Amino acid sequence: MRNEAECPGLWHWLQVITIGRRPKRTLARLVALVVICLITFTFVLIPVRVTGISMEPTYHDHSVNFINRLAYVRREPQRGDVVGVRLSPNPGAGTKIMLLKRVVGLPGEAVSFVGGHVCIDGDVQTEPYLKHVSDWEAPPTSLGPGQYYVVGDNRSMRPEEHEHGKAERAQIVGRVLFTKGP
Amino acid sequence: MNRTRCLLLLAGAVALGVWAWAGLFPNPQKIIEKRLIKLGALASFAPGEGNIKRLANAERMESLFAENIQVTLEAPGAGRRTFDHREELMQAALASRSFANRLAVSLVDINVVLDSDRQSATADATLKARIGQEDELFVQPLKFTFHKTNDEWLVTGIETVKSLH
């Protein structure tokens with residue numbers, strides 16, 4: 000008799016802990032949470048898993064991050080920003096697979112490589128995020144309006160194996176949320 | 000039954016109707032998207048796959064292409080290859096099975112644009128492939144062209160797209 004009397008009480012508390020005193024309100028909150036998460040992680044913060052070593056040592060292979068799509072609503076990409084770049088130049092292309100690169104050249108500039116360092120209009124840039132020595136050499140590439148030069152931080156790779164070059168503004172999806180290094 | 004419940008039921012019925020309509024009569028964009036997903040699945044193979052399945056998949060894959068095609072593939076380290084006929088491409092696809100024991104291919108980020116005549120279309124997609132037991136992912140943006148022949152959307156061209164210039 001005692002057990003039977005205790006069980007409904009226990010069941011009631013279990014129900015209170017899991018779904019609350021007002022199940023309808025809990026359901027409404029759950030639906031709202033799911034909708035907010037769906038909107039946030041589809042249109043605002045795109046979760047990404049880094050695959051590959053082109054951004055080493057700043058971002059490691061298999062690390063997880065987010066691309067903030069609102070970062071460039073009020074301002075344009077800046078030199079040094081790490082951005083998500085759409086693979087296709089078509090603005091309607093999806094964002095399931097993106098390149099993670101650092102912006103080093105801005106519209107109207109000429110970008111070249113001397114001894115692994117980026118030169119803008121002939122001036123060698125200070126790049127504190129570079130940890131590996133490299134011997135990249137490349138003649139100046141002029142950027143047109145709305146074009147950005149993007150490259151990974153790992154220049155110890157051979158240039159042919161490292162995707163880098165001009166990206167159209169429409170290809171830049173957003174800025175990486177958790178930035179590292181200087 | 001109160002008014003809110005009636006409205007909710009009506010909205011549910013409309014949503015179900017729209018979903019059923021879209022499933023039964025898909026638009027050309029959806030048909031092309033499904034074809035590309037199917038193409039990725041048919042190009043994939045697992046270790047120890049039997050000859051019958053291999054040939055069946057090759058035959059099903061062949062049915063997705065027009066007889067005369069224009070395929071230009073260029074990948075870093077693999078050079079440039081062109082195919083002008085469906086059989087050439089199928090032979091290359093079958094031959095690829097001797098290079099690796101496993102291939103997992105999928106086409107993602109598909110974006111289909113119909114031409115004004117609604118008889119041809121262009122689709123941008125990203126090829127995602129894992130070759131053999133390698134952990135490394137091969138990624139390549141591609142541009143497909145389709146043409147409607149006998150009420151079927153067939154691939155008439157494939158070319159690799161450079162992401163950065």
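Each protein sequence line maps, in turn, to chains A and B. Numbering-wise, the first sequence is residues 0 to 181 according to numbering that gives the first Met the number 0. Numbering-wise, the second sequence is residues 0 to 164 according to numbering that gives the first Met the number 0. Heads up, the beta-carbon is just placed ideally off N, CA and C, and yes, glycines get one too. Remember, predicted model here, so these are calculated numbers, not experimental data.
DSSP three-state assignment for residue i, whether helix, strand or coil
i, result
"Met0 of chain A", "At Met0 of chain A, the pLDDT of 47 sits below 50, so the modelled position is not reliable; the number obtained from the coordinates is stated separately. Met0 of chain A: coil per DSSP, three-state reduction."
"Leu153 of chain B", "strand"
"Pro144 of chain A", "coil"
"Pro76 of chain A", "coil"
"Arg68 of chain A", "coil"
"Val81 of chain A", "strand"
"Gly114 of chain A", "coil"
"Glu159 of chain A", "helix"
"His146 of chain B", "strand"
"Ala169 of chain A", "helix"
"Val150 of chain A", "strand"
"Leu86 of chain A", "coil"
"Ala103 of chain B", "strand"
"Leu44 of chain A", "strand"
"Ile52 of chain A", "coil"
"Asn1 of chain B", "coil"
"Leu190 of chain A", "In the structure as shown, chain A begins at 0 and stops at 181. Residue 190 of chain A is therefore absent and cannot be evaluated."
"Asn110 of chain B", "strand"
"Gln69 of chain B", "strand"
"Leu126 of chain B", "strand"
"Lys23 of chain A", "helix"
"Lys100 of chain A", "strand"
"Gln14 of chain A", "helix"
"Glu58 of chain B", "helix"
"Leu15 of chain B", "helix"
"Val160 of chain B", "coil"
"Ala137 of chain A", "strand"
"Leu41 of chain B", "helix"
Neighbour list for residue i in chain B, Cβ cutoff strictly below 8 Å
i, result
"His116 of chain A", "None at all; the shortest Cβ gap to chain B is about 19 Å."
"Val149 of chain A", "Leu163"
Residue i and residue j closer than 8 Å at C-beta
i, j, result
"Ala57 of chain B", "Val104 of chain B", "no"
"Trp152 of chain B", "Arg34 of chain B", "yes"
"Tyr148 of chain A", "Arg168 of chain A", "no"
"Glu61 of chain B", "Val111 of chain B", "no"
"Leu163 of chain B", "Glu159 of chain A", "no"
"Ala99 of chain B", "Thr159 of chain B", "no"
"Arg53 of chain B", "Arg96 of chain B", "yes"
"Gly173 of chain A", "Arg68 of chain A", "yes"
"Leu142 of chain A", "Gly114 of chain A", "no"
"Met54 of chain A", "Leu86 of chain A", "no"
"Gly93 of chain A", "Val107 of chain B", "yes"
"Phe65 of chain A", "Leu32 of chain A", "no"
"Ile171 of chain A", "Pro90 of chain A", "no"
"Gly131 of chain B", "Phe143 of chain B", "no"
"Asp114 of chain B", "Ala122 of chain B", "no"
"Val49 of chain A", "His59 of chain A", "yes"
Residues that residue i contacts on chain A, provided the C-beta gap is smaller than 7 Å
i, result
"His169 of chain B", "The requested residue 169 of chain B does not occur in the structure, where chain B is confined to residues 0 to 164."
Given residue i as reference, the closest of the options once Cα atoms are compared
i, options, result
"Val82 of chain A", "A:His116, A:Arg48, A:Gly115 and A:Arg101", "A:Arg101"
"Pro27 of chain B", "B:Ile157, B:Thr148, B:Glu158 and B:Val160", "B:Thr148"
"Pro127 of chain A", "A:Asp120, A:His116, A:Trp135 and A:Gly121", "A:His116"
"Phe145 of chain B", "B:Leu102, B:Ile30, B:Glu86 and B:Leu72", "B:Ile30"
"Val84 of chain A", "A:Met97, A:Ala92, A:Ser141 and A:Val43", "A:Met97"
"Gln139 of chain B", "B:Ile109, B:Ala12 and B:Thr155", "B:Ile109"
"Leu38 of chain B", "B:Leu72, B:Ala55, B:Gly16 and B:Leu63", "B:Leu63"
"Glu136 of chain A", "A:Thr125, A:Val110 and A:Gly145", "A:Val110"
"Ala128 of chain B", "B:Leu136, B:Ala92 and B:Trp18", "B:Leu136"
"Ile36 of chain B", "B:Gly131, B:Thr125, B:Ile130 and B:Asp134", "B:Thr125"
"Arg85 of chain B", "B:Arg79, B:Gly78, B:Thr71 and B:Ala77", "B:Thr71"
"His61 of chain A", "B:Leu7, B:Leu6 and B:Asp134", "B:Asp134"
"Gly79 of chain A", "A:Leu105, A:Thr39, A:Asp120 and A:Thr41", "A:Leu105"
"Asn153 of chain A", "A:Trp10, A:Ile38, A:Val175 and A:Lys130", "A:Lys130"
"Phe112 of chain A", "A:Val132, A:Pro138 and A:Thr125", "A:Pro138"
"Leu93 of chain B", "B:Arg79, B:Asn50 and B:Glu66", "B:Asn50"
"Asn67 of chain B", "B:Gly78, B:Met89 and B:Pro46", "B:Met89"
"Lys95 of chain A", "A:Val132, A:Phe42, A:Thr57 and A:Leu176", "A:Phe42"
Proximal residues of chain A, C-beta to C-beta of residue i below 9 Å
i, result
"Thr125 of chain B", "Leu86, Ser87, Ala92, Gly93, Lys95 and Ile96"
Notebook entry, point to check: What residues in the stretch 107-123 of chain B have a beta carbon less than 8 Å from any beta carbon of chain A?
Noted result: Val107, Asp108, Ile109, Asn110, Val112 and Asp123
Notebook entry, point to check: Of all the residues that make up the stretch 135-160 of chain B, which are near chain A by a beta-carbon distance shorter than 7 Å?
Noted result: Leu136, Val138, Pro140 and Val160
Checklist line | Selection of the stretch 26-56 of chain A by Cβ proximity to chain B, strictly under 8 Å | finding: Thr50 and Gly51
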